[in-house]
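S.K.: To start, I am sharing the structure in question, which I have written as structure tokens.
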Amino acid sequence: MAKIVIIGGSFGGLTAAFELKRLLGNKADVTLLCDVDQFVFVPSLPWISMGWRKPEDITLPLEKILTPKGIKFIHEEATGVDADKSKVITKTQEIPYDYLVIASGPALGFSSVPGLGPEGGYTECIFTLEQAIKTNKSWNKFLEKPGPVVIGAVQGVSCFGPAYEYAFEVDTELRKRKLRHKVPMTFVTSEPYIGHFGIGGLRTSRRMMEDEFADREIKVIANQTVEEFVPDEVRLKDGIKLPFKIAMFAPPMAGVKAVFHLGNPKGFIPVDANYRHKNYKNIFSVGVAIVIAPPEQTPVPTGVPKTGFMTEHMAKDAAKSIAADILGKPSPETEPVGALCIMDMGNKAALMKAYPVLPPRRVAELKVGINYKWAKQAFEKYYLWKIKRGLTQLP
Amino acid sequence: MAKIVIIGGSFGGLTAAFELKRLLGNKADVTLLCDVDQFVFVPSLPWISMGWRKPEDITLPLEKILTPKGIKFIHEEATGVDADKSKVITKTQEIPYDYLVIASGPALGFSSVPGLGPEGGYTECIFTLEQAIKTNKSWNKFLEKPGPVVIGAVQGVSCFGPAYEYAFEVDTELRKRKLRHKVPMTFVTSEPYIGHFGIGGLRTSRRMMEDEFADREIKVIANQTVEEFVPDEVRLKDGIKLPFKIAMFAPPMAGVKAVFHLGNPKGFIPVDANYRHKNYKNIFSVGVAIVIAPPEQTPVPTGVPKTGFMTEHMAKDAAKSIAADILGKPSPETEPVGALCIMDMGNKAALMKAYPVLPPRRVAELKVGINYKWAKQAFEKYYLWKIKRGLTQLP
Amino acid sequence: MAKIVIIGGSFGGLTAAFELKRLLGNKADVTLLCDVDQFVFVPSLPWISMGWRKPEDITLPLEKILTPKGIKFIHEEATGVDADKSKVITKTQEIPYDYLVIASGPALGFSSVPGLGPEGGYTECIFTLEQAIKTNKSWNKFLEKPGPVVIGAVQGVSCFGPAYEYAFEVDTELRKRKLRHKVPMTFVTSEPYIGHFGIGGLRTSRRMMEDEFADREIKVIANQTVEEFVPDEVRLKDGIKLPFKIAMFAPPMAGVKAVFHLGNPKGFIPVDANYRHKNYKNIFSVGVAIVIAPPEQTPVPTGVPKTGFMTEHMAKDAAKSIAADILGKPSPETEPVGALCIMDMGNKAALMKAYPVLPPRRVAELKVGINYKWAKQAFEKYYLWKIKRGLTQLP
Numbered sequence: 201m202a203k204i205v206i207i208g209g210s211f212g213g214l215t216a217a218f219e220l221k222r223l224l225g226n227k228a229d230v231t232l233l234c235d236v237d238q239f240v241f242v243p244s245l246p247w248i249s250m251g252w253r254k255p256e257d258i259t260l261p262l263e264k265i266l267t268p269k270g271i272k273f274i275h276e277e278a279t280g281v282d283a284d285k286s287k288v289i290t291k292t293q294e295i296p297y298d299y300l301v302i303a304s305g306p307a308l309g310f311s312s313v314p315g316l317g318p319e320g321g322y323t324e325c326i327f328t329l330e331q332a333i334k335t336n337k338s339w340n341k342f343l344e345k346p347g348p349v350v351i352g353a354v355q356g357v358s359c360f361g362p363a364y365e366y367a368f369e370v371d372t373e374l375r376k377r378k379l380r381h382k383v384p385m386t387f388v389t390s391e392p393y394i395g396h397f398g399i400g401g402l403r404t405s406r407r408m409m410e411d412e413f414a415d416r417e418i419k420v421i422a423n424q425t426v427e428e429f430v431p432d433e434v435r436l437k438d439g440i441k442l443p444f445k446i447a448m449f450a451p452p453m454a455g456v457k458a459v460f461h462l463g464n465p466k467g468f469i470p471v472d473a474n475y476r477h478k479n480y481k482n483i484f485s486v487g488v489a490i491v492i493a494p495p496e497q498t499p500v501p502t503g504v505p506k507t508g509f510m511t512e513h514m515a516k517d518a519a520k521s522i523a524a525d526i527l528g529k530p531s532p533e534t535e536p537v538g539a540l541c542i543m544d545m546g547n548k549a550a551l552m553k554a555y556p557v558l559p560p561r562r563v564a565e566l567k568v569g570i571n572y573k574w575a576k577q578a579f580e581k582y583y584l585w586k587i588k589r590g591l592t593q594l595p
Numbered sequence: 201m202a203k204i205v206i207i208g209g210s211f212g213g214l215t216a217a218f219e220l221k222r223l224l225g226n227k228a229d230v231t232l233l234c235d236v237d238q239f240v241f242v243p244s245l246p247w248i249s250m251g252w253r254k255p256e257d258i259t260l261p262l263e264k265i266l267t268p269k270g271i272k273f274i275h276e277e278a279t280g281v282d283a284d285k286s287k288v289i290t291k292t293q294e295i296p297y298d299y300l301v302i303a304s305g306p307a308l309g310f311s312s313v314p315g316l317g318p319e320g321g322y323t324e325c326i327f328t329l330e331q332a333i334k335t336n337k338s339w340n341k342f343l344e345k346p347g348p349v350v351i352g353a354v355q356g357v358s359c360f361g362p363a364y365e366y367a368f369e370v371d372t373e374l375r376k377r378k379l380r381h382k383v384p385m386t387f388v389t390s391e392p393y394i395g396h397f398g399i400g401g402l403r404t405s406r407r408m409m410e411d412e413f414a415d416r417e418i419k420v421i422a423n424q425t426v427e428e429f430v431p432d433e434v435r436l437k438d439g440i441k442l443p444f445k446i447a448m449f450a451p452p453m454a455g456v457k458a459v460f461h462l463g464n465p466k467g468f469i470p471v472d473a474n475y476r477h478k479n480y481k482n483i484f485s486v487g488v489a490i491v492i493a494p495p496e497q498t499p500v501p502t503g504v505p506k507t508g509f510m511t512e513h514m515a516k517d518a519a520k521s522i523a524a525d526i527l528g529k530p531s532p533e534t535e536p537v538g539a540l541c542i543m544d545m546g547n548k549a550a551l552m553k554a555y556p557v558l559p560p561r562r563v564a565e566l567k568v569g570i571n572y573k574w575a576k577q578a579f580e581k582y583y584l585w586k587i588k589r590g591l592t593q594l595p
Numbered sequence: 201m202a203k204i205v206i207i208g209g210s211f212g213g214l215t216a217a218f219e220l221k222r223l224l225g226n227k228a229d230v231t232l233l234c235d236v237d238q239f240v241f242v243p244s245l246p247w248i249s250m251g252w253r254k255p256e257d258i259t260l261p262l263e264k265i266l267t268p269k270g271i272k273f274i275h276e277e278a279t280g281v282d283a284d285k286s287k288v289i290t291k292t293q294e295i296p297y298d299y300l301v302i303a304s305g306p307a308l309g310f311s312s313v314p315g316l317g318p319e320g321g322y323t324e325c326i327f328t329l330e331q332a333i334k335t336n337k338s339w340n341k342f343l344e345k346p347g348p349v350v351i352g353a354v355q356g357v358s359c360f361g362p363a364y365e366y367a368f369e370v371d372t373e374l375r376k377r378k379l380r381h382k383v384p385m386t387f388v389t390s391e392p393y394i395g396h397f398g399i400g401g402l403r404t405s406r407r408m409m410e411d412e413f414a415d416r417e418i419k420v421i422a423n424q425t426v427e428e429f430v431p432d433e434v435r436l437k438d439g440i441k442l443p444f445k446i447a448m449f450a451p452p453m454a455g456v457k458a459v460f461h462l463g464n465p466k467g468f469i470p471v472d473a474n475y476r477h478k479n480y481k482n483i484f485s486v487g488v489a490i491v492i493a494p495p496e497q498t499p500v501p502t503g504v505p506k507t508g509f510m511t512e513h514m515a516k517d518a519a520k521s522i523a524a525d526i527l528g529k530p531s532p533e534t535e536p537v538g539a540l541c542i543m544d545m546g547n548k549a550a551l552m553k554a555y556p557v558l559p560p561r562r563v564a565e566l567k568v569g570i571n572y573k574w575a576k577q578a579f580e581k582y583y584l585w586k587i588k589r590g591l592t593q594l595p
């Protein structure tokens with residue numbers, strides 16, 4: 201029986217675990233390691249920060265959903281991996297594996313800009329449940345005494361979506377509360393232009409976003425480097441200083457400590473088309489943890505985002521590849537990963553389809569409407585229902 | 201009985217006079233001083249210049265509309281104000297006051313650019329009835345031998361609307377006359393981009409104006425400083441020289457001589473939220489005469505426009521404040537001023553609503569259609585009917 | 201009987217020949233000289249290159265259509281013109297004339313950029329039937345192993361339309377074949393912006409083209425100079441190097457050798473409003489062969505395109521002027537030339553009307569739709585039917 205260890209309990213880790221069990225049944229001994237004991241539906245974190253969701257609405261206990269499927273759950277942080285000896289290391293034990301799946305997600309690079317981030321810095325973040333809850337507290341305080349808001353993404357960021365969503369949601373909520381006129385809003389980004397999203401844009405996304413921000417009277421400063429954050433102020437490389445009562449900035453990402461030494465200079469894992477580590481044949485990696493080369497060098501550095509949809513797709517292909525290995529079959533052919541995502545815009549949403557993710561694409565769609573907002577809300581419920589039951593084969 | 205003197209017989213002065221009489225009746229002795237003896241519906245001046253209106257269509261004799269309301273009219277120019285002794289000075293008399301309302305409008309700064317303006321310069325202007333009549337004469341001459349037209353706003357301008365209206369009207373009229381192909385048209389402005397209007401733009405006004413000018417094949421040179429006008433040519437800072445057969449340029453504005461010493465370095469009066477002078481408690485000021493700080497520093501200097509709608513609103517608030525003072529009540533709470541205006545586009549018009557005028561705004565609307573042109577035409581008649589009767593309380 | 205010699209058997213030459221015969225009948229001895237023996241409907245050449253047309257679909261034998269009208273056809277290249285002795289020179293004979301019509305079209309300036317063009321260079325061209333057939337062969341080979349495509353117009357180009365059409369057609373065909381995602385596409389042009397077309401744009405053509413290229417995910421590099429083409433790579437002045445599997449670049453044009461000495465420094469013939477040579481009273485010239493001054497100096501040099509529609513118009517006016525001369529009447533008044541063209545966009549087409557061609561214009565239309573594609577297809581058949589019968593008077 202092959203011993204498979206999975207690091208990470210989000211989209212990638214859960215999907216890989218369920219798929220491996222489905223494909224291999226008793227031929228696989230699957231263990232999932234995670235430093236948090238619940239699955240968090242990350243796409244809804246901006247809604248936590250706005251007070252539109254409560255933590256219990258978007259979380260599931262990992263043990264309860266893994267155990268019925270015969271998957272072992274260890275609530276511990278992986279602190280290292282000994283790839284040569286095929287062992288995962290935690291504070292209390294060493295876990296040997298035949299196959300390892302790294303679905304750890306990213307480490308957040310708050311130290312890249314002085315004053316960035318909610319721990320020791322001056323900006324909010326909405327990339328973890330903890331951060332989103334803290335941002336919601338700051339938001340409620342802000343509403344009592346509103347003032348300037350600055351939202352954006354610093355240099356080196358790859359995941360721009362939540363910054364856009366947060367900007368649109370803040371604008372929408374302030375209008376609902378008839379407070380918008382008290383809040384000068386500015387969006388600052390390292391993208392060469394808004395609507396770039398780290399993927400070189402998607403059809404007319406540039407024009408669409410320029411019009412949307414103009415229409416909402418949110419000022420845009422693109423192609424920009426942030427020098428530092430100080431209390432209540434962000435200082436840009438161009439010499440511009442923007443005061444703020446609340447600021448939310450996406451940080452750059454890197455590989456997590458435990459697997460950093462297995463990756464590229466930023467700690468991201470280099471993988472082949474089957475998501476297999478380029479040097480270690482029994483290590484696979486999926487999701488934010490892997491290397492994806494950007495479509496173009498941007499003047500201010502940016503990276504390519506990896507969405508939950510992409511991660512799930514990768515996890516399924518990685519599971520198939522491992523199963524093939526164990527069953528003595530050749531590695532399956534894989535298709536390049538595509539992206540399907542719905543960006544919340546507060547009072548409506550944008551559907552984006554990109555296949556492959558980077559141009560030139562076979563499929564490229566960009567549509568905006570209230571119906572996509574409804575779809576986004578419905579999908580959240582549907583996905584939680586699906587993952588609770590381990591139904592990874594449903595679309 | 202409180203003696204109130206009002207300088208100015210346009211939107212601000214008339215509205216203040218009628219409102220003070222309405223609120224105070226016999227408790228107020230109201231005198232209105234104006235160097236011209238008629239009310240001119242200034243928004244229609246571009247139509248005078250195009251020959252679409254005659255002077256009698258848009259003017260009313262001041263004495264005839266003020267006397268029936270018990271308001272004294274003095275057809276004299278105020279040449280000075282002695283604020284310490286509370287006296288308005290003219291060439292023939294000194295008029296003491298308990299309260300002074302400065303609704304003088306602006307002085308036009310033609311001397312700011314060599315060759316600017318219709319008196320001693322080479323460009324037309326449409327900011328006074330006299331200028332508009334002169335521009336109409338030049339226009340009729342131009343039509344006999346058409347050639348290049350340059351329209352715009354020099355550095356330091358705050359009132360951009362008439363330049364836009366004039367450009368659209370000239371384009372529309374030339375098309376009607378099948379002469380457009382003989383007239384290269386260029387729009388030169390100190391705004392950082394067209395559609396800025398001195399108010400940082402209004403929703404998608406930038407894109408809308410860019411498309412409109414492109415669609416009409418009017419070339420745009422924005423963010424530009426004019427060096428000088430010489431006969432038949434304007435010379436820009438960038439080294440561009442544009443020949444013209446007719447040129448209309450908006451001039452910058454300053455405070456009028458009589459009250460210049462009561463204002464900021466440009467002669468504009470600093471007022472509080474009740475339109476009371478910041479140093480002289482019995483002096484109030486409304487309309488173009490007051491200081492409004494711009495929303496942002498623009499690369500080429502620009503100011504914030506003040507429309508008739510804004511001026512009326514201010515005049516009502518100022519009158520309420522003076523009345524409260526006289527009746528021994530506390531100053532009323534006021535709301536920031538908003539703007540509602542219809543910009544003529546020749547063959548259609550644009551409705552613009554901004555509340556407050558500067559971003560961040562509670563209300564921001566921008567719509568274009570032939571129906572707004574009809575509304576603009578109807579409003580002109582309605583307003584003249586209303587002001588003739590002193591019905592300032594009608595919307 | 202006046203002896204009239206016409207150089208060129210395309211739009212200009214044929215139209216002039218038919219018109220002269222129609223106007224003068226037996227008073228004119230008309231001879232048409234052409235180095236190819238067939239009329240080619242040049243607007244359809246991009247369709248040849250895509251395999252959407254065969255050569256026989258868009259060609260007609262010159263002799264067969266000229267002889268019935270009493271026009272003599274000589275299948276020889278004009279190698280020179282002796283304007284002082286009024287003789288056209290070929291390799292085998294000297295042909296005296298009373299009037300000469302130069303409708304020779306252009307010489308293609310492939311030598312202007314190292315590596316440009318299909319003869320000795322590395323790029324395709326679609327300006328002659330031979331080139332279009334060759335491009336079609338390269339295209340079929342390309343489809344077996346697709347890769348990057350670069351399409352555009354080098355510095356000095358005046359005829360941009362075919363480059364746009366080819367880009368849209370390649371995009372459309374690749375999508376039909378589900379190959380688009382294997383083909384990064386880039387459009388490189390000397391125009392200051394796309395949609396300029398050498399005529400300073402046409403209404404909102406800039407925005408329209410920017411949106412169209414974004415929507416199709418074709419990258420645009422405008423205002424650009426090409427340094428050189430090497431095998432499988434184009435090198436731009438900005439230092440950018442673009443690899444390609446297939447590249448199609450429009451070349452600049454000049455006057456043909458035989459008449460170069462009669463023209464401006466580029467060999468284009470200077471003519472008056474009647475298309476009469478400014479120095480030689482019995483020489484007329486129409487179409488691409490003549491001088492048209494550009495509407496503006498562009499940062500990277502460009503010229504003004506001359507379409508078939510324009511050429512026909514010129515040929516009719518030239519014929520009328522010659523006929524008037526022969527009949528002893530004064531030269532007729534002419535109108536400036538306008539342009540009506542339909543740009544194929546693969547899956548739809550754009551109608552462009554410009555009268556005059558350069559701004560300021562009396563008429564300027566820009567419309568996009570599938571119906572214009574149908575119109576373009578129908579016009580091709582109609583025009584071939586019409587020219588076969590010499591019916592130049594039909595619209």
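Residue numbers (my numbering), protein chains in the order written: chain A, 201 to 595; chain B, 201 to 595; chain C, 201 to 595. The beta-carbon is built from N, C-alpha and C at its ideal position, and this holds for glycine as well. These numbers come from a predicted model, not from an experiment.
Within 10 angstroms of the Cβ of Tyr475 of chain B, are there 16 or more other Cβ atoms? Answer buried if so, exposed if not.
M.R.: Buried, because 16 or more other Cβ atoms sit within 10 Å of the Cβ of Tyr475 of chain B.
S.K.: Which same chain residues end up closer than 6 Å to Lys382 of chain C when comparing Cβ atoms and leaving out the 5 residues on each side of it in sequence?
M.R.: Contacts found: Pro346.
S.K.: Can you pull the DSSP bridge partners for Thr389 of chain A?
M.R.: Answer is A:Ala353, bridged to Thr389 of chain A.
S.K.: Could you check the C-alpha separation between Leu436 of chain C and Tyr393 of chain C for me, to the nearest Å?
M.R.: Straight-line Cα distance between these residues: approximately 16 Å.
S.K.: Is the Cβ-Cβ distance between Gly546 of chain B and Thr372 of chain B less than 7 Å?
M.R.: Result yes, Cβ atoms of Gly546 of chain B and Thr372 of chain B sit closer than 7 Å.
S.K.: Could you pull the DSSP bridge partners for Ile490 of chain A from this structure?
M.R.: Partner(s): A:Ile469.
S.K.: Report the neighbours of Asp432 of chain A on chain B: residues whose CB is nearer than 9 Å to its CB, in chain order.
M.R.: The premise fails here: Asp432 of chain A is roughly 18 Å from chain B at the closest Cβ pair, so nothing lies under 9 Å.
S.K.: His275 of chain A: which of A:Leu262, A:Lys337, A:Pro495, A:Lys287 sits nearest, CA to CA?
M.R.: Checked all of A:Leu262, A:Lys337, A:Pro495, A:Lys287; the closest Cα to His275 of chain A is A:Leu262.
S.K.: In terms of residue numbering, what span does the beta strand (DSSP E) encompassing Ser485 of chain B cover?
M.R.: 483 to 485 is the extent of the beta strand (DSSP E) around Ser485 of chain B.
S.K.: Would you say Ala473 of chain B touches the ligand GDP, meaning its beta carbon is less than 6 Å from a heavy atom?
M.R.: Of the ligands one can find in the structure shown there are none, so the ligand GDP has no counterpart to examine.
S.K.: Asp282 of chain B by DSSP, collapsed to three states: which one?
M.R.: Here Asp282 of chain B sits in strand by DSSP.
S.K.: Could you round the C-beta distance between Pro505 of chain A and Cys325 of chain A to whole angstroms and report it? I think they count as a contact, below 8 Å.
M.R.: Actually they are not in contact, since the Cβ atoms of Pro505 of chain A and Cys325 of chain A sit about 16 Å apart, beyond 8 Å.
S.K.: Short check: CB of Thr449 of chain A to CB of Val354 of chain A, under 7 Å?
M.R.: Correcting the residue identity first, residue 449 of chain A is Phe in this sequence and not Thr. Yes, the Cβ-Cβ distance between Phe449 of chain A and Val354 of chain A is below 7 Å.
S.K.: Hey, which unbroken runs of the alpha helix (DSSP H) at 4 residues or more fall wholly within the stretch 228 to 311 of chain A?
M.R.: Within the stretch 228 to 311 of chain A, the complete alpha helix (DSSP H) runs of at least 4 residues are 245 to 250, 262 to 266.
S.K.: In chain B, which residues lie less than 7 Å from Ala550 of chain A when you measure between Cβ atoms?
M.R.: Per Cβ cutoff of 7 Å: no residues; Ala550 of chain A is ~17 Å from chain B at best.
S.K.: Can you check whether the CB of Ala447 of chain B is closer than 7 Å to the CB of Thr323 of chain B?
M.R.: In contact: Thr323 of chain B and Ala447 of chain B (Cβ atoms closer than 7 Å).
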